[in-house]
Amino acid sequence: MRLLKLLILFITIQVSAQQGGMWIPSLLEGMNEQEMTNLGSKLTAKDIYDVNNSSLKDAIGHFNGGCTTEIISGKGLILTNHHCGFSQIQSHSSLENDYLKDGFWAMNLEEELPNEGLFVEFIVSIEDVTTQVLSGITDTMTEKEKQSSIDKNSNAIQKQTKTEAWQATKVKSFYQGNQYFLFVTERFEDIRLVGAPPSSIGKFGSDTDNWVFPRHTGDFSLFRIYADENNHPAKYSKTNKPYKPKHHLPVSLDGIEEGDFTLVFGFPGRTNEYLPSVAIEHITQEYNPSNIAIREAALKVIDAKMKSSDATRIKYASKQARIANAWKKWIGENLGIEKSNAVVNRKTFENNYAKALKTKKLDKKYGHILPEFDRLYGDFSKINIKRRNFIEVFLVTNELMQMTFRAYQMETAAKTNPNSFENAKAALVSRLKGIHKNYDVQVDKDVYKAVMPLYSNNVDISIYDKTAFTDLKSALQLLEGSPKEVFKKLNKDVAYKYAKPLIEEFINTIDAEFQKKNTSISALQKQYMKALMEALPNARYFPDANSTLRVTYGQVRGYSPRDAVYYQPVSYLDGIMEKYIAGDYEFDVPKKLRDLHASKDYGQYADSNGKVPVCFLGTNHTTGGNSGSPAIDAQGNLIGLNFDRVWEGTMSDMNYDPEICRNIMVDLRYILFIVDKYAGATHLIDEMTLVHPKKK
Ligand code: ARG
Ligand code: ASP
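Quick note on numbering: our numbering labels position 31 of the sequence shown as 59, and the sequence is numbered without any gaps.
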């Protein structure tokens, strides 16, 4: 009996230990393959990544350098999140054709809308080039010398690699500079908008529901990749044809249940999983709170103004969403770190690591690292916060300060290199126009009043009455004339005069000091990574996210956010009706959807319980950039679309814990239901490959 108990304990530890991590797709053979099998996968490493044959990776694209997208038909149809396609949807919208509000559906290829600048990039191959990149690097070199050799070697490799004319190469650092990989990529530039649900579906629940479960957001949009007559990437042309991909994901109609295997394949942006405890303490106790405070002060103003005026609400919707997204994430991150006891646990881990160093006689070589981290962070924390606070005030929340900052960049660029004046001016003009498109001086003035005292004692509201920047016409007039005249006018502007010393202090002192200290920390972090791998060689080490293609796997699982509360892993259309508030900015439901619910007109998209599933939870280790990533079942079929994480689980960027970290996906059947039953875009369903993997 006791043995059985021990065995069960061992198995649970084993199972939970086998999740988490964002793995390099070309290195899955062996451990990862085994772990996936243990979790229920039927896929081999080669099914996921193969250079010589088509594999899942051929269907996974990097959407505009930020989000992820996947090919879901033989005609280049791709799926991503509504929030990833948001600015494209917005750019085609007008008062007459409000696609954000009403949705958009192209009923044939001719109606699909081109998007200037939008691109999708695929990975052709991944190759370890560590030896070449690190050749010639010696311990006696300074960090700067090392980096410049690394850059030189990397550039040489990129140039030497033979590729097709439409391909590109890049070398990326992994494990904090302990390993390097070469990527050959293909970039498609003719990407057209195919479909988007109304925001009341695609952004249902908005900020109130952001980062939380139960969730009911249909966060998806559809695009199509076009290629030239040879099926190769090309710039937009009327004569381009829908791309015929090497692979597209079949879509499963059989859905999911708790415990099912899930694989999320995409481009996670940035994580910091190997921080010392002192860094986690700094981030959660000092850094996050100061950023949260600034955003909170700004949001208080913006939210109130948005509630009192529809015009302001529309103007500030996207800005507010951006500010609120990270604000809410940081609060959740702190909650999760506390709830999981992360700092104490990491200290325990560090003790074990220090013991292992001794046992392995590595303490002479690496024993200095942890104490050195303590010293460096002690010295770094103040400047890190000061620098970030500047960014929060000058570049995130207050728009007048942002305009002065951009103007300062123009002035310095043009003074350093007089030939660049016209270019720098054009960049500034486009920035100013961008800001003024959605600018309300009263809102911005109140934001200034709220946030500036959190950065500086030098607060002067009167600058708003006399500056030229708060009006687009007068701001552009500042930029008319010869460079000399422009600089003179600029330096007479009260807001510019006020901001310039603060900006100069930031650039010359604050940021300079930050960069110096940050370089030392990064160098030590690189040593620490190496030391960990030598001292504790049997642990699972995956590289931190760096916007390259990764695989993460887990299972469909509910979770317990607090005592006596358990969240089921699947939400349903019924829950949308529970949340429905007529006319509400966040929780309105389109009439057509209410009618479909009332008549239970669900087609082939209901679960075995007769309900339409909307979102579900998994234990996949994801981060920003994984939005739009496919959730793939044990056989390689599409079952979900990743778009978010649960609140406390956002700490997974520093401390993934399978107990409380969950990613949130839209159930593919809900997407099909909306495309088919709500939008009537049945031609899109027809071009997909629908499968029944669970029905034999
Ligand atoms: N929290 C998700 C992610 O970081 C979704 C963000 C979009 N939704 C929103 N309400 N802002 O990016
Ligand atoms: N919502 C995020 C994204 O946009 C995903 C996440 O942070 O979980 O990539």
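Where a beta carbon is used, it is the ideal one built from N, C-alpha and C, also for glycine.
Proximity of residue i and residue j at Cβ, strictly below 8 Å
i: L210; j: V157; result: yes
i: Y594; j: I688; result: no
i: V522; j: K477; result: no
i: L363; j: E676; result: yes
i: F165; j: K174; result: Reading off the sequence, residue 165 comes out as Ile, not Phe. Their beta carbons are under 8 Å apart, which means I165 touches K174 by this criterion.
i: I308; j: V371; result: yes
i: T647; j: S657; result: no
i: T213; j: F150; result: yes
i: D247; j: V598; result: no
i: I219; j: F147; result: yes
i: G294; j: R578; result: yes
i: K18; j: Y613; result: This structure cannot speak to residue 18, because the chain is shown only from 29 to 724.
i: I330; j: Q313; result: no
i: A326; j: T425; result: yes
i: N637; j: T96; result: no
i: V6; j: N665; result: The structure shown does not extend to residue 6, since the chain spans only 29 to 724, so no value can be given for it.
i: R252; j: V222; result: yes
i: M64; j: F570; result: no
i: I88; j: M716; result: no
i: Y217; j: A262; result: Correcting the residue identity first, residue 217 is Glu in this sequence and not Tyr. Closer than 8 Å, so yes.
i: W239; j: D672; result: yes
Cβ-heavy atom distance, residue i to ligand 2, below 7 Å
i: T647; result: no
i: F251; result: no
i: C95; result: yes
i: G653; result: yes
i: R416; result: no
i: D672; result: yes
i: T170; result: no
i: N691; result: yes
i: T650; result: yes
i: H110; result: no
Alpha-carbon to alpha-carbon, residue j and residue i
i: L398; j: S182; result: 31 Å
i: K231; j: L696; result: 16 Å
i: L32; j: L67; result: Summary for L32: the model assigns pLDDT 48, below 50, so the residue's position carries little reliability; its value from the coordinates is reported in the next sentence. Their backbone Cα atoms lie some 21 Å apart in a straight line.
i: L8; j: K545; result: Residue 8 lies beyond the range of the chain shown here (29 to 724); nothing can be said about it.
i: F701; j: G582; result: 26 Å
i: S44; j: T580; result: Low per-residue confidence applies at S44: pLDDT is 47, beneath 50, and the placement is therefore not dependable enough to give any value.
i: Y436; j: E139; result: 43 Å
i: Y706; j: R622; result: 10 Å
i: T40; j: P686; result: Its pLDDT being 45, under 50, T40 is placed unreliably in this model, and the value from its coordinates should be taken loosely. Looking at the two C-alpha atoms, the distance is approximately 11 Å.
i: N412; j: D539; result: 9 Å
i: H276; j: Q555; result: 41 Å
i: Q42; j: A662; result: Confidence at Q42 is low in this model, with a pLDDT of 47, below 50, so the placement of that residue should be treated as unreliable; the coordinate-derived value is given next. Taking the straight line joining both Cα atoms gives about 20 Å.
i: K473; j: N451; result: 30 Å
i: Y208; j: S228; result: 44 Å
i: S409; j: P618; result: 49 Å
i: I322; j: F418; result: 10 Å
i: N258; j: H396; result: 58 Å
i: D86; j: S368; result: 37 Å
i: V703; j: T710; result: 7 Å
i: A496; j: G145; result: 31 Å
i: I667; j: V584; result: 11 Å
i: T267; j: M679; result: 47 Å
i: M438; j: K453; result: 6 Å
i: N447; j: R459; result: 20 Å
Residue i: CB within 7 Å of a non-hydrogen atom of ligand 1
i: N319; result: no
i: F422; result: no
i: N238; result: yes
i: A349; result: yes
i: S153; result: no
i: S234; result: yes
i: N380; result: no
i: N353; result: yes
Determine, using beta-carbon pairs with one atom in the region 499-509 and one in the region 372-384, whether at least three such pairs fall under 8 Å.
-> At 8 Å Cβ cutoff, the stretches do not touch.
Give a yes or no on contact between the region 67-84 and the region 620-632, applying the rule of three or more CB pairs nearer than 8 Å.
-> Contact between the region 67-84 and the region 620-632 is absent, because fewer than three Cβ pairs lie under 8 Å.
Does the region 548-560 come close enough to the region 276-288 that 3 or more CB-CB pairs lie under 8 Å?
-> Counting Cβ pairs under 8 Å, fewer than three are found: no touch.
Any 3 or more C-beta pairs closer than 8 Å across the region 186-194 and the region 118-129 = Result no; under three Cβ-Cβ pairs closer than 8 Å.
Is the region 480-495 touching the region 524-531 in the sense that three or more CB pairs, one from each, lie closer than 8 Å?
-> In short, these stretches touch, since the Cβ pair count reaches three.
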